[in-house]
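With the first letter of the sequence shown counted as 1, position 132 gets the number 133 in the numbering used here; the numbers rise by one all the way through. Where a beta carbon is used, it is the ideal one built from N, C-alpha and C, also for glycine.
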Amino acid sequence: MKRIILIIASSMCYLLSIMYFIDYLQHKGIQQEETVETFIMEESIEEPKQQSNRIYCTFNISFYDACIECCGKDDGICANGELGIPWVTCAAPASIPFGSTVHIEGLGDFIVTDRGGAIVQEGNEYCIDIYVNTHEEALQYGRQYKEGYIELEDYYGY
Ligand SMILES: [Zn+2]
Numbered sequence: 002m003k004r005i006i007l008i009i010a011s012s013m014c015y016l017l018s019i020m021y022f023i024d025y026l027q028h029k030g031i032q033q034e035e036t037v038e039t040f041i042m043e044e045s046i047e048e049p050k051q052q053s054n055r056i057y058c059t060f061n062i063s064f065y066d067a068c069i070e071c072c073g074k075d076d077g078i079c080a081n082g083e084l085g086i087p088w089v090t091c092a093a094p095a096s097i098p099f100g101s102t103v104h105i106e107g108l109g110d111f112i113v114t115d116r117g118g119a120i121v122q123e124g125n126e127y128c129i130d131i132y133v134n135t136h137e138e139a140l141q142y143g144r145q146y147k148e149g150y151i152e153l154e155d156y157y158g159y
């Protein structure tokens, strides 16, 4: 009889230790999940940094082509050394790095690869010169004021 009690007692101890061990493993699992959550939180903290690369502003928009009258030369080469692409290329103030994207409501997206003497920034108003096919087309669009934003590209050394 004593022996049976001893066997039951020892097997209960064994069960208890297994339960503790399972509990320990579960606890360890939770700790790992917490670590993952902390990691995700740290990642999401960095996101506003990217959003700060966006400037919401008013655009004072003009249009130009590769003619002598517009550029003083007619090779179509932009200030960054690349060939202008109609309705893609635009000139922006020097504060906007080359490669930045300009989003203009109603007109679309343009890539900054050019500069211009009159293309300046005054407060929250940015002059943008959009490169088009011909001088006639440039005249046709005239000057426009529109809202939008600039997605700043990291400066890459032009
Ligand atoms: Zn022109």
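Q.
Check this for me: beta carbons of N111 and T90, under 8 Å apart or not?
A. A small fix is needed here, since residue 111 is Phe in this sequence, not Asn. Yes.
**Q.** Local Cβ density within 10 Å of Y21, reported as buried at 16 or more and exposed below that
**A.** exposed
(Q) Looking at the strands, I want to know which residues DSSP matches up with A92. (A) For A92, the beta-bridge partners assigned by DSSP are D115, D130.
Q.
If I follow the unbroken alpha helix (DSSP H) through I69, where does it start and stop?
A. 69-72 is the extent of the alpha helix (DSSP H) around I69.
**Q.** For F99, the nearest candidate out of E83, L108, V113, W88 (CA to CA)
**A.** In terms of CA proximity to F99, V113 leads the group E83, L108, V113, W88.
Q. Mind listing, in chain order, the residues whose beta carbon lies closer than 5 Å to a non-hydrogen atom of ligand 1?
A. This selection yields D66, C68, E70, C71, H136.
**Q.** Own chain residues within Cβ distance below 6 Å of D155, not counting five before or after
**A.** Closer than 6 Å at the Cβ level, and outside the excluded window around D155, lies no residue.
Q. Three or more C-beta pairs closer than 8 Å, one from the stretch 114-122 and one from the stretch 133-141: is that the case here?
A. no
(Q) Does A63 come out as helix, strand or coil in the three-state DSSP assignment? (A) The question names Ala, but residue 63 in the sequence shown is Ser. In this structure, S63 counts as strand in the three-state DSSP scheme.
Q.
Please return the same chain residues whose Cβ sits closer than 6 Å to the Cβ of N54, not counting the five positions on each side in sequence.
A. L153
Q. DSSP on G143, reduced to helix/strand/coil?
A. Coil, per DSSP.
Q: Please list, in chain order, all residues of the same chain as S11 whose beta carbon is under 6 Å from its beta carbon, the five residues on each side excluded.
A: Cβ contact annotation for S11 (same chain, cutoff 6 Å, sequence separation greater than five): none.
Q: For E48, I'd like the list of residues in its chain whose CB is within less than 6 Å of its CB, leaving aside the five on either flank, ordered along the chain.
A: For E48, the predicted structure reports a pLDDT of 43, less than 50, and the residue's modelled location is therefore unreliable. A value from the coordinates is still provided. For E48, where only same-chain residues beyond five positions count, there are no Cβ hits under 6 Å.
Q: Could you tell me which residues DSSP pairs with C58 in its beta bridges?
A: G149
(Q) Taking 7 Å as the limit between beta carbons, can you name the residues of its chain near K50, skipping five residues before and five after? (A) The predicted model places K50 with a pLDDT of 43, which falls under 50 and marks its position as unreliable; any figure quoted below should be read in that light. The answer is none, since no qualifying residue turns up.
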